[in-house]
Every structure is written in structure tokens, then in C-alpha cells.
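Just below is one structure, and these are the notes that go with it.
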Amino acid sequence: MKPIYLDYNATTPVHPIVAKAMHPYITDMYGNPSSTHWYGFDAREAVDKARAQLARLLECEPQEIIFTGCATESNNIAILGLLTPWMDCKRHLITSAVEHPAVLEVARFCRSLGCSVTVIPVDSNGLVDPCDIEKAITKNTVLISIMHGNNEVGTIQPVEAIAMIAKNHGVLFHCDAAQSIGKIPVNLRKLDVDMLTVAGHKFYAPKGVGALFLKAGTSIQKVYHGASHEFGLRPGTENVTGIVGLGAAAELASENIETRSLKLAETRDRLHNAILAALDDVRLNGHPEKRLPNTLSLGFKNVSATDVMNNLLEVAVSAGAACHGPGEHRISHVLEAMAVPQEYARGTLRLSTGIMTTNDDIDVAAMSIVEAVKRARD
Ligand SMILES: Cc1ncc(COP(=O)(O)O)c(C=O)c1O
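Listed below in C-alpha cells is the structure:
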């Protein structure tokens, strides 16, 4: 028996409808979209269709979508692309303490090249205060990069307010939305960001494909040099199969994003309630309401997450963020930034549900988690 999968924030399975859409592009339709013959025309059409599908989900124009290899690459293209021309003249980047390393490490690299960086702290729920961002803006600030939904605790940042502040000060705003796309509605007609990062494998598309929304008129310098693919910003023959998968996943999400959000919250809350009913000294990390509907970060007092996981073979979960490297169960920078007390931070599990999660899965998983914590506490 495979363990019950409650690690959808690490990655999701490819949805069967997505796999079906991709299949012809693994087998018969192998053309290069740049080729000027039947095979190439078909591949180009498939890439264009996927661009339109993703644009529909995000409510932007298809020409504002650049396909990339993953969210990390999108973040690099956005931040380095914007800052590179300014590196030697002390320009300023604002980001937050709870960003994924795919932003924080790019910011650190920018700093090493001479750029100044302000890292905004968060409160105990993991929320950035937009006033802190406004106060940090100087005449040298060129970019604010703040995530949408946090990957570890799910807290959703006040990105509308931050976008307004950025606009009022003539500063560009990049938002890493790798975790929120496909879980909650993200409407770029309402959310006035200049750049936004998308990760295919977090919403039922395959790994190895992502996207960057680049608002029309926003000019960034190319990070990669090569041919003119993807508006010259991501040269290299397109991953047609992956892009078709991303398009199909976006179409699926556009059909039912509101009901999907509700269903995710239902399974997540069922899990939370079952655990709370059976165990004392459990702390919810992250904002109680302003949170991704599938994300449950729980701190179990006076145990280590590793001990709990060693007793938990029936359920696949994460201790902290999965992307930090194998076996790395140190207290995450996100829990540290939120000042989660050590006795809860050490025993924190990240549980994340998905659209395939059933109530039966939740009931069995809750029982197993409770037992594993009790055994670790003994
Ligand atoms: C918020 C956020 N940004 C970026 C990434 C990096 O995504 P990828 O591994 O697809 O590059 C992740 C992955 O977990 C994430 O959660």
C-alpha cells in the first residue's frame, strides 16, 4: 500500500485529463514549434493554445505569458532581468523574510553584485505589513518581490495593498504565486502586479514547466542569451509536452477554481479538527483565515518532526519545506521569522491536501498522525 499523500505543496500528481492532453505530444506530435512544416505548425499551435489557456486562468493577455522551466527560473528571470541593468548603481530591492529560497537566494546574489536589499519581517502569523514596505522604499528602489501564498504555512500576503503602494511610488512589483495558482483565484485584472511567477507542478501539470507573467510594457533585460524563443527571454526549444500540460491544468483550474478552493479547505479543516480532538499542545502556524485553503502547518509541542515522521509510514508529509534538501529538518527560516516557539517549531509538520484527497484519506491520515505523535511523545 502506498502512503496517503498529504504533501501537495511539494508537488502534485499530473491530473489524468492533463496526462491525456500531453500524451500525443510525447508520442506522435514531436515537432519543433520553430519548424516551418506540418509538425512544427502543430507544435506551435499547441504552445499558443496553452498560452491562451493560462492567460484565461490569470485574466491577462496571452502575449504577457513567458513559458519557463520552473518557478525558480521564473523568479530569476524576473528579478535578475529587472535588476541587472542597475547593478552598478546601488539600486534597491525589497523582499520579505518568508520568501522561498527561489527568491531569497536571488536577492542574496543581487546583494553580492552591489545591489542593496531590504528584507521585511513578518508578524507571528507570517504576514508582511504593507506599511513596512512603504517605509522601506527609497529613491533607489526599483523592485518589490513579495510572495502570494507561503509554501510552508500558507499565509496569503496582502498583495493588492502592496501592488497599490508599488504603483504609487513608481516601483515595479513581482509576486511569486507558485503556491496560490490553482488553489485560489488569481485575477491579474484586479491584482495589479508587473510580474508573477507560476509553477506547473503545484497544480496538476508535470514538473519541468513554469511561467512568468510579464505585464505588457514592462521591460526586463534577458538573463539567458540565445535564439528568440519566448519573446527572447527564455531561449531554447520549448518543452511542448510540458507546456501543453500546463495549459490543460490551467483550463481545469479555470473551470472550477472557487469550488476547488472550498473542497480543499474542507479536507484541510477535517484533518485539523480530527487532530485537535485527539491531541493537546498542537499549534497552528500561519494565519488562521488568510491562508491557502489546502495548507495546515501544525506544531506538536515537545517532539521532533523527524521522530514523528519516523513513526508515520502511512502518510507522506513534510517537516518544513520539501525543497530545502534531503534530510534537512532544521527549523525553517519561515517559522523562525514568525518567532514560532522552539518547542512547537521543532515538531512542525506541513500537511497539504489536494483535489484528489478524499474524506477517507483524511480520516485514516488523522488517526496515523495522532498515533505517530503519541509514540514520539512517549
Ligand atoms: C513559493 C514557491 N516559490 C518557488 C518554488 C520553487 O518551485 P520550483 O521547484 O518549481 O522551481 C516553490 C517550490 O516549492 C515555492 O513553493
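Going by numbering that gives the first Met the number 0, the sequence shown opens with residue 0, and the numbers climb by one from there.
Cβ atoms here follow ideal geometry from the backbone N, Cα and C, with glycine treated the same way.
The structure displayed is predicted, hence computed values, not measured ones.
- In this structure, Val102 has its beta carbon less than 8 Å from a heavy atom of ligand 1.
- Taken through DSSP and simplified to helix, strand or coil, Thr356 comes out as coil.
- Ala226 and Ala344 have their C-alpha atoms roughly 47 Å apart.
- Pairing Gln341 with Gly153, the inter-Cα distance amounts to about 20 Å.
- Restricting attention to Val243, Phe230, Thr83, Met0, the CA atom closest to the CA of Gln220 is found in Thr83.
- Nearest C-alpha to Asp131 among Asn124, Pro120, Gly125: Pro120.
- The straight-line gap separating the alpha-carbon atoms of Asn8 and Leu295 is approximately 10 Å.
- Exclusion of the five residues before and after Met21 leaves Thr240, Val243, Gly244 as the residues of its chain whose Cβ lies within less than 6 Å of its Cβ.
- A heavy atom of ligand 1 is found nearer than 8 Å to the CB of Met146.
- Pro287 counts as exposed, since fewer than 16 other beta carbons sit within 10 angstroms of its beta carbon.
- Taking a cut-off of 8 Å on C-beta distances, the stretch 33–45 does not touch the stretch 53–70, as fewer than three cross pairs fall below it.
- Sequence-distant partners of Ala160 (beyond 5 residues in either direction) whose C-beta falls short of 7 Å from its own C-beta, in its chain, are Pro129.
- Ile143 and Phe172 do touch by the CB rule: their CB atoms are close to 5 Å apart, below 8 Å.
- Comparing C-alpha distances from Val281 to each of Asp191, His168, Val369, Pro15 shows the shortest one belongs to Val369.
- In terms of Cβ geometry, Val197 and Phe212 form a close pair [threshold 9 Å].
- For Asp6, the CB stays at least 8 Å from every heavy atom of ligand 1.
- Rounded to the nearest whole angstrom, the C-alpha separation of Asp6 and Ser179 is 15 Å.
- A straight line joining the alpha-carbon of Ile361 with that of Thr140 spans about 46 Å.
- Following the DSSP letters along the chain, one finds Cys109 inside the alpha helix (DSSP H) bounded by residues 100–111.
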